[in-house]
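A quick write-up on the structure given underneath.
In our numbering, the protein residues as written are 230 to 404.
Right, here's the structure in full:
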């Protein structure tokens with residue numbers, strides 16, 4: 230009898246704990262609050278990874294941006310600069326956006342068109358890791374939901390397979 234009560238108590242506790250862990254990365258990418266993560270690779274890192282294309286990357290998650298579609302997952306945008314800038318202005322030269330759904334301990338993200346995919350995971354020391362599955366980023370700005378003529382392919386290999394981001398220090402906005 231005592232074992233049955235203990236089991237029932239444990240089952241009830243697990244049911245109550247369920248909503249608190251509804252999807253991976255809720256703390257890093259909250260369902261109802263903006264979150265931005267970024268990385269600007271310094272010259273030492275780029276020298277150590279000479280075939281890495283990305284020199285700066287920013288992940289933007291704005292739950293109230295009008296693109297919320299619960300059946301498709303939650304929406305994020307990756308803004309990217311490559312080593313060779315295409316524009317002299319501040320900001321980002323390329324972007325790719327997509328919907329993310331839970332997969333394992335992270336989330337898997339895909340755009341609305343055939344432009345690759347990426348995975349977001351919790352990294353060490355409070356970082357957020359983006360695992361590039363091979364993406365094609367459009368020029369920024371480019372609003373059509375298709376690949377632009379001057380889009381850039383960013384394959385995972387040889388040196389763009391993992392981007393480790395920290396929390397952004399400035400305002401979280403669509404660039």
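C-beta: ideal position from N, C-alpha, C; glycine also.
According to the neighbour-count rule (16 or more other Cβ atoms, all chains shown, within 10 Å of its Cβ), is residue i buried or exposed?
i	result
residue 391	exposed
residue 264	buried
residue 257	buried
residue 399	exposed
residue 274	exposed
residue 287	buried
Which residue marks the beginning of the alpha helix (DSSP H) containing residue i, and which one marks its end?
i	result
residue 254	Taken as a continuous stretch (DSSP letters only), residue 254 belongs to no alpha helix (DSSP H), as it is neither H nor E.
What did DSSP end up calling residue i once you bin it into helix, strand or coil?
i	result
residue 391	strand
residue 271	coil
residue 260	coil
residue 366	strand
residue 340	coil
residue 277	helix
residue 355	helix
residue 385	coil
residue 402	coil
residue 327	strand
So the beta strand (DSSP E) residue i belongs to, where does it begin and stop?
i	result
residue 284	283-290
Checking 9 Å against the spacing of the C-beta atoms, do residue i and residue j come in under that value?
i	j	result
residue 340	residue 292	no
residue 349	residue 358	yes
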